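**Student:** Have a look at this one.
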Amino acid sequence: MARATPARAGEIGLEPRSAARLQVAAGSLLRIARAEPLGAISAIILVLFILAAVFAPALAPYNPLSNNHSIEMQPPSSGHLFGTDQFGRDVLSRILYGARVSLEVGIGATIAGGVIAVIIGVLSAYFGGAVDYLIQRVVDMVQAIPSLVLLIAILVILGPSLPNVIIALSVRSAFVTSRVMRSAALTILGQPYVDAGRIIGASHLRIMSSYILPNIMAAVIVLGTVNFGGAILAEAFLAFLGYSVPPPQPTWGSMLSAEGRTYMFVGPWLLIAPTAVLSAVVFAANMFGDAMRDILDPRLRQAGSGTF
Amino acid sequence: MIPTFLILLLVVVGMIRLIPGNAVDLMLTSQSGDRDVSRLAVEHRLGIDRPVTVQYLSYAAGVLHGDLGRSLWTQRPVSEMIAGRAPATVEMVGLAVVVSMLISIPIGIISALRQDTPMDYALRSAVILGLSVPSFALATMALIFPALWFHWTPPLEYKPLTVDPLSNLGQMVLPALILGVGLSATIVRLMRAMMLEVLRQDYIRTAWSKGLRERSVVVEHALKNALIPVITLFGIQVAFLLSGSVVMEQIFAVPGVGRLLIDAISQRDYPVVQGVTVTVGIAVMAINLLVDLSYGFLDPRIRVH
């Protein structure tokens, strides 16, 4: 069991077993990183993104909402690393605070969507028959409506705000992702150990939670990471059509679509900065999802590029 | 397919009832006259003063006859409006599909054959990058840079293909490219995965041992089998394409169905919204049906059905 030598453990002040575990973990992480270099780079980008979003208030040099008419439309300089926009607001600070919105949207939509997708998919697979048929027809229908249309329809009904954007994105991704969850659950239900569980009298809930759920985690993780990127991208599209979080709150999507496009000839930095960060994060999320899939289960081919 | 369609109709009819009441007022603000009378009139025209079941049945009956109601603003039949806009969208989407096939199948194959080499990584990265950049950002840049460097902008006035093919294609080439690239990411991934799996099969090994050239092995033996799930993917991606076309139509001024829908939503022109949603839903389901039927054609083992 003890892989670390006692002398080493003593040096860093850890007990032998924790030090051993750390070494094993570090070793395997390095091995994984070498096997999936793109995934490793993507993971770093995502971590940076999360840190930037979480620590935005501490990192942002200026208030993202304060107008300053004396310094409107300034190109990047030492005082304003990404320049200023048409109201004199610092673009870097707006990007950092915009990261928060993207992170909230991404995490909210992914978790809510993932939970609902698992529930729908597993229930559909487990109970089969008429329940399955009906649920799958509803999923068909949701999938047939172009995602942007569905999102806009939901937001028209609920009104544009951050929580509603998250709700709309979750609904869309949940239904479409549930398909994959269902087929994964069906595969597991065909295994003998599920029958064994039934024979010993396991309840429906127990079979679903202890037998099916742990075994579909791979699919959940892979699709979750890809949906994360998709949600951030979808927010940008909603902002373009005017259905995202209303101004003056900075979101990458609205920075791109409003200031970015309007002033792109006179102030290209207004377009380039949000486009670059948004694309980088979405790209990293997709690549990370790819890497996760390669590691966890190369057979998860239906996962595709996300649900948007 | 039919049950899905019925559920779709149900949602579409029910959608109107969910719209907050002040949306009807929104429509009324541009009309003159007594507000209460107008409100009743509008509700009557929308048909929401009848019980839900009646609304649903009458709409369903109408759809079967090709009657999708009339626009609240222009009074034109919705089916006529859609028919007028459809060719532009169909053409753009069709070109996008062609573009993506031309890009993604070769890339998927090369990626599979040179698995885990830098070429593989580079190709996959490039394709996913195409997917990660929002298409309207790409489109904006695609409009700006040719204008700056070559003094060229795509024509912004729509001319049907039969009337002026050059202008038509000039308008369509950029949106088709951008949409096609977005579509490619999924297909490349799938193509690569399928090729990897197929290439490991025994019959491929036999072909190699027979001394056949790489091209022969790939194209004649592996490709056909790898293509089947790719075709499925097209069915699924049609909805994605229509989504993307909404944005492209907006930027490149293509008078298509997507723009019709978005304009109708912002104007609260419910019959048009309903009509377009139903039409699009039918189209997607029809395409998926065709895809299912094509399996029997491509893979003789599946013909049992």
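These protein sequence lines map, in sequence, to chains A and B.
The opening residue of the first sequence carries number 1159 in the numbering used here; numbering runs sequentially from there.
The opening residue of the second sequence carries number -10 in the numbering used here; numbering runs sequentially from there.
Ideal Cβ placement from N, Cα and C applies to all residues, glycine included.
Please read all numbers here as calculations on a predicted model, not as lab measurements.
With 9 Å as the C-beta to C-beta threshold (strictly closer), list the residues of the region 1211 to 1245 of chain A near chain C in chain order.
**Tutor:** Chain labels in this structure do not include chain C; the protein chains are A and B.
**Student:** Can you give me the Cβ contacts of S1402 of chain A inside the same chain, cut-off strictly under 7 Å, excluding the 5 residues immediately before and after it?
**Tutor:** Here residue 1402 of chain A refers to the residue found at position 244 of the first sequence. P1318, V1323, E1393, L1396, T1409, G1411, S1412.
**Student:** Please state whether DSSP places L279 of chain B in a helix, a strand or coil.
**Tutor:** For the purposes of this step, residue 279 of chain B is taken as the residue at position 290 of the second sequence. Helix at L279 of chain B.
**Student:** Which residues in chain B sit within 7 Å of M1445 of chain A, going by Cβ to Cβ distance?
**Tutor:** Reading the first sequence from its first residue, position 287 is the one you call residue 1445 of chain A. Here the neighbours are I117.
**Student:** Looking at F1446 of chain A and A1201 of chain A, is the spacing between their C-beta atoms short of 9 Å?
**Tutor:** Indexing the first sequence from 1 puts residue 1201 of chain A at position 43. Indexing the first sequence from 1 puts residue 1446 of chain A at position 288. Yes. Within cutoff.
**Student:** Suppose only complete runs of 4+ residues qualify. What are the alpha helix (DSSP H) ranges in the region 117 to 151 of chain B, listed by chain order?
**Tutor:** 124 to 139
**Student:** Starting from T1268 of chain A, follow the alpha helix (DSSP H) in both directions and report where the run begins and ends.
**Tutor:** Within the first sequence, the letter at position 110 stands for residue 1268 of chain A. Run containing T1268 of chain A: 1249 to 1285, per the alpha helix (DSSP H) assignment.
**Student:** Tell me which residues share the same chain as I1274 of chain A and place their Cβ nearer than 7 Å to its Cβ, disregarding the 5 neighbours each side in the sequence.
**Tutor:** Against the first sequence, residue 1274 of chain A aligns to sequence position 116. The answer, listed in chain order, is S1328, A1332.
**Student:** Report the neighbours of Y110 of chain B on chain A: residues whose CB is nearer than 9 Å to its CB, in chain order.
**Tutor:** Translated into positions along the second sequence, residue 110 of chain B becomes position 121. In chain order: P1195, L1196.
**Student:** Does T195 of chain B get closer than 9 Å to chain A when you measure Cβ to Cβ?
**Tutor:** As a position in the second sequence, residue 195 of chain B is number 206, starting the count at 1. No, T195 of chain B does not count as interfacial toward chain A.
**Student:** Starting from M1450 of chain A, trace the alpha helix (DSSP H) in both directions and tell me its first and last residue.
**Tutor:** On the first sequence, residue 1450 of chain A is found 292 positions in, with the first residue counted as 1. If you look at M1450 of chain A, you'll find it in the alpha helix (DSSP H) that goes 1427 to 1454.
**Student:** I'd like to know whether the C-beta atoms of I(-4) of chain B and V1296 of chain A end up nearer to each other than 9 Å.
**Tutor:** Locating residue -4 of chain B in the second sequence gives position 7, where the first residue counts as 1. Locating residue 1296 of chain A in the first sequence gives position 138, where the first residue counts as 1. Yes, Cβ-Cβ distance for I(-4) of chain B and V1296 of chain A is below 9 Å.
**Student:** Would you report the Cα separation of Y147 of chain B and A165 of chain B, rounded to the nearest angstrom?
**Tutor:** The residue you call residue 147 of chain B lines up with position 158 of the second sequence. The residue you call residue 165 of chain B lines up with position 176 of the second sequence. Approximately 15 Å, taken between the alpha carbons.
**Student:** With distances taken Cα to Cα, identify the nearest neighbour of F1386 of chain A among A:L1204, A:L1217, A:I1199.
**Tutor:** Translated into the one-based positions of the first sequence, residue 1386 of chain A becomes position 228. Here the closest residue by C-alpha is A:L1204.
**Student:** List, in chain order, every chain B residue whose beta-carbon is nearer than 9 Å to that of S1319 of chain A.
**Tutor:** In the first sequence, residue 1319 of chain A corresponds to position 161, counting from 1. What S1319 of chain A touches in chain B: nothing, since even the nearest Cβ is about 14 Å away.
**Student:** Quick check on the burial criterion: 16 or more other C-beta atoms within 10 angstroms. Buried or exposed for H1227 of chain A?
**Tutor:** On the first sequence, position 69 is the one that residue 1227 of chain A refers to. Burial is judged here by how many other beta carbons sit within 10 angstroms of a residue's own beta carbon; H1227 of chain A has fewer than 16 and is exposed.
**Student:** Anyone know if the C-beta pair for V227 of chain B and A174 of chain B falls short of 9 Å?
**Tutor:** To locate residue 227 of chain B, count along the second sequence from 1; it is residue 238. To locate residue 174 of chain B, count along the second sequence from 1; it is residue 185. No.
**Student:** Buried or exposed, going by whether 16 or more other CB atoms sit within 10 Å of the CB of V43 of chain B?
**Tutor:** Taking the second sequence and counting its residues from 1, one reaches residue 43 of chain B at position 54. Its Cβ having fewer than 16 others within 10 Å, V43 of chain B is exposed.
**Student:** Where does I1358 of chain A land, buried or exposed, given buried means 16+ other C-beta within 10 angstroms?
**Tutor:** To locate residue 1358 of chain A, count along the first sequence from 1; it is residue 200. Classification of I1358 of chain A: exposed, given that the 10 Å Cβ count is below 16.
**Student:** Out of curiosity, what's the CA-to-CA distance linking V170 of chain B and I98 of chain B?
**Tutor:** By 1-based counting over the second sequence, the position of residue 170 of chain B is 181. By 1-based counting over the second sequence, the position of residue 98 of chain B is 109. The alpha-carbon atoms of V170 of chain B and I98 of chain B are separated by roughly 16 Å.
**Student:** Name the residue from A:G1256, A:A1184, A:F1240 whose alpha carbon lies nearest to the alpha carbon of T1211 of chain A.
**Tutor:** The residue given as residue 1211 of chain A occupies position 53 in the first sequence. The sequence shown places Ala at residue 1211 of chain A, not Thr. Of the listed residues, the one whose Cα sits closest to A1211 of chain A is A:G1256.
**Student:** What first and last residue would you give for the alpha helix (DSSP H) that runs through I1202 of chain A?
**Tutor:** Reading the first sequence from its first residue, position 44 is the one you call residue 1202 of chain A. Here the alpha helix (DSSP H) through I1202 of chain A covers 1195 to 1212.
**Student:** Using the beta-carbon of each residue, which ones in chain B are nearer than 7 Å to R1295 of chain A?
**Tutor:** Residue numbering aside, residue 1295 of chain A sits at position 137 when the first sequence is read from its first letter. Ordered by position in chain B, the residues that pass the 7 Å Cβ test against R1295 of chain A are P(-8), T(-7), I(-4).
**Student:** Could you tell me whether any Cβ in chain A is nearer than 9 Å to the Cβ of P76 of chain B?
**Tutor:** Working through the second sequence from its first residue, we reach residue 76 of chain B at position 87. It does not: the Cβ of P76 of chain B has no partner Cβ on chain A nearer than 9 Å.
**Student:** Taking 9 Å as the threshold (beta carbon to beta carbon), is R1189 of chain A in contact with chain B?
**Tutor:** Here residue 1189 of chain A refers to the residue found at position 31 when the first sequence is read from its first residue. It does not; no Cβ of chain B falls within 9 Å.
**Student:** Going along chain B, which residues have a C-beta under 9 Å from R1330 of chain A?
**Tutor:** The residue given as residue 1330 of chain A occupies position 172 in the first sequence. The contacting residues do not exist; R1330 of chain A stays about 10 Å from chain B at best.
**Student:** What's the gap between the Cα of N11 of chain B and the Cα of I1315 of chain A?
**Tutor:** On the second sequence, position 22 is the one that residue 11 of chain B refers to. On the first sequence, position 157 is the one that residue 1315 of chain A refers to. Model confidence at N11 of chain B stands at a pLDDT of 47, short of 50, so the residue's coordinates are unreliable; what they give is reported in the following sentence. When rounded, the separation of the alpha-carbon atoms in N11 of chain B and I1315 of chain A is 11 Å.
**Student:** For chain B, find out if any of its Cβ atoms is closer than 9 Å to the Cβ of Y1291 of chain A; answer yes or no.
**Tutor:** Along the first sequence, one-based indexing puts residue 1291 of chain A at 133. Closer than 9 Å to some Cβ of chain B, the Cβ of Y1291 of chain A qualifies, so yes.
**Student:** Which of the three DSSP states, helix, strand or coil, is assigned to T1242 of chain A?
**Tutor:** As a working note, residue 1242 of chain A is residue 84 in the first sequence. In this structure, T1242 of chain A counts as strand in the three-state DSSP scheme.
**Student:** Which of the three DSSP states, helix, strand or coil, is assigned to R178 of chain B?
**Tutor:** Within the second sequence, residue 178 of chain B is the residue found at index 189, counting from 1. In the structure shown, R178 of chain B sits in a helix (DSSP, three-state: H, G or I).
**Student:** Could you check whether the Cβ of E238 of chain B sits closer than 8 Å to any heavy atom belonging to the ligand NAP?
**Tutor:** Although the ligand NAP was asked about, the structure shown includes no ligands whatsoever.
**Student:** Here's a check: name, in chain order, each residue in its chain whose Cβ is nearer than 7 Å to the Cβ of M1366 of chain A, leaving out the five neighbours to either side.
**Tutor:** Counting from 1 along the first sequence, the entry for residue 1366 of chain A is found at position 208. Closer than 7 Å at Cβ, skipping near neighbours: V1280, Y1284.
**Student:** CB-CB under 8 Å to Y1369 of chain A, same chain, minus the five flanking residues each way: which ones, in chain order?
**Tutor:** Looking up residue 1369 of chain A in the first sequence gives position 211. Taken in chain order, the residues that qualify are I1346, Y1351, V1352, G1355, A1360.
**Student:** Between R59 of chain B and D258 of chain B, what straight-line distance do the alpha-carbon atoms span, to the nearest angstrom?
**Tutor:** Residue 59 of chain B sits at position 70 when you count from the first residue of the second sequence. Residue 258 of chain B sits at position 269 when you count from the first residue of the second sequence. Each residue's Cα considered, the two are about 9 Å apart.
**Student:** Report buried or exposed for Y48 of chain B, applying the criterion of at least 16 other Cβ atoms within 10 angstroms of its Cβ.
**Tutor:** Start at 1 with the first residue of the second sequence, and residue 48 of chain B comes out as number 59. Buried, because 16 or more other Cβ atoms sit within 10 Å of the Cβ of Y48 of chain B.
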